[in-house]
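A.B. asks:
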């Protein structure tokens, strides 16, 4: 049985929801307190036992590569000034098991995955989307890897969402719960109208996929906007081999839109040793101020 040791992180999108900031800055480099979003994603992959990570980038994303590269001048400066903690933090980011491939045209998530076909070869692999930051005692990607090792089948993460919001997600049509939180799936529907949605179980940004997904991607037609949808390819794969859905019960932070990123910064700030006390006091003072203004 081949182990899941590789992962793909798609990071080629334009980040139009964050314009004008993302005109010159990669969306994946927007910070959560003092770390760019993509660093949380890479860390989750490594904590889950992934050896090699391929980041699929696009034009204007060079800052991602630079972030994970060594910075000899900076490191020397920090060492000279005795800033040992900062030096350790900077050196911990250096990652020689991180690889980069360019998606030359923005043709959807499925196309981004297909771009990394040669990197993956004939191995099972994980996919981690950068818009979702996950927190749990066991990393979500590791949970999916454990499911794959049990079932030898592709497994994706789902979460229950409000019914009126299902049109924002791919949604599963579960047939039965084979064990606690693990579902067999009849089919997958991309962004259904709420009145037509088969369930409230939405696909969130983590997958472990068998290499046969590449054949399914190659057989899936490009749809609206000339984009290749990963959900459509998974639905096709499910007709040939079982695909399971694993229910995630941890915390999901959606950083793919402005308010979500702001909320995430506040919640992570309240967990951060350097700023949590000041931030908590500021929130309390601000709440009192807003109460007075409302009167």
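Numbering (UniProt numbering), first residue to last: 1 to 295. Quick reminder that beta carbons are idealized off the backbone N, C-alpha and C, glycines included.
Helix, strand or coil: which one does DSSP assign to residue 153?
C.D. replies: coil
A.B. asks: By alpha-carbon positions, which one of 292, 158, 192 ends up nearest to residue 165?
C.D. replies: 192
A.B. asks: Kindly provide the ranges of any beta strand (DSSP E) runs that are 3 or more residues long and lie completely inside the segment 100 to 142, ordered along the chain.
C.D. replies: 125 to 128, 132 to 135
A.B. asks: Can you list, in chain order, the residues of its chain with a C-beta nearer than 7 Å to that of residue 131? Leave out the 5 residues immediately preceding and following it.
C.D. replies: 205, 254, 255, 256
A.B. asks: Does the segment 67 to 79 touch the segment 165 to 174, meaning 3 or more C-beta pairs lie closer than 8 Å?
C.D. replies: Result no; under three Cβ-Cβ pairs closer than 8 Å.
A.B. asks: For residue 185 and residue 78, what's the separation of their Cα atoms in angstroms?
C.D. replies: 53 Å
A.B. asks: For residue 89 and residue 83, what's the separation of their Cα atoms in angstroms?
C.D. replies: 10 Å
A.B. asks: At which residue ranges does the segment 46 to 71 contain complete alpha helix (DSSP H) runs of 4 or more residues, listed in the order of the chain?
C.D. replies: 62 to 68
A.B. asks: Locate the alpha helix (DSSP H) running through residue 202, then write down its first and last residues.
C.D. replies: First-last for residue 202: 201 to 209, but that is the beta strand (DSSP E), not the alpha helix (DSSP H).
A.B. asks: What is the rounded straight-line gap between the Cα of residue 269 and the Cα of residue 241?
C.D. replies: 43 Å
A.B. asks: Would you be able to state if there are at least three C-beta pairs under 8 Å between the segment 58 to 65 and the segment 28 to 40?
C.D. replies: yes
A.B. asks: For the 8 Å Cβ check, are there 3 or more pairs between the segment 237 to 252 and the segment 198 to 212?
C.D. replies: yes
A.B. asks: Counting beta carbon pairs with one atom in the segment 271 to 279 and one in the segment 169 to 177, are three or more of them shorter than 8 Å?
C.D. replies: A contact is defined here as three or more CB-CB pairs under 8 Å, and the segment 169 to 177 fails this definition with respect to the segment 271 to 279.
A.B. asks: Select from 74, 262, 145, 121 the residue whose C-alpha is nearest the C-alpha of residue 208.
C.D. replies: When each option's Cα is compared against that of residue 208, the closest is 145.
A.B. asks: Given 8 Å as the limit, is there contact between the segment 223 to 231 and the segment 98 to 109, that is, 3 or more CB pairs closer than that?
C.D. replies: yes
A.B. asks: Do you know offhand how far residue 111's Cα is from residue 153's?
C.D. replies: 22 Å
A.B. asks: Would you kindly work out how many angstroms separate the C-alpha atoms of residue 102 and residue 190, rounded to a whole number?
C.D. replies: 25 Å
A.B. asks: Tell me whether the beta-carbon of residue 27 lies closer than 8 Å to the beta-carbon of residue 13.
C.D. replies: Taking 8 Å as the cut-off, the Cβ atoms of residue 27 and residue 13 count as close.
A.B. asks: If we count the other Cβ atoms within 10 Å of its Cβ and call it buried at 16 or more, is residue 31 buried or exposed?
C.D. replies: exposed
A.B. asks: What's the gap between the Cα of residue 183 and the Cα of residue 235?
C.D. replies: 14 Å
A.B. asks: My output table needs one value for residue 224: the three-state DSSP class, helix, strand or coil.
C.D. replies: helix
A.B. asks: On the DSSP letters alone, give me the boundaries of the alpha helix (DSSP H) that residue 214 sits inside.
C.D. replies: 213 to 219
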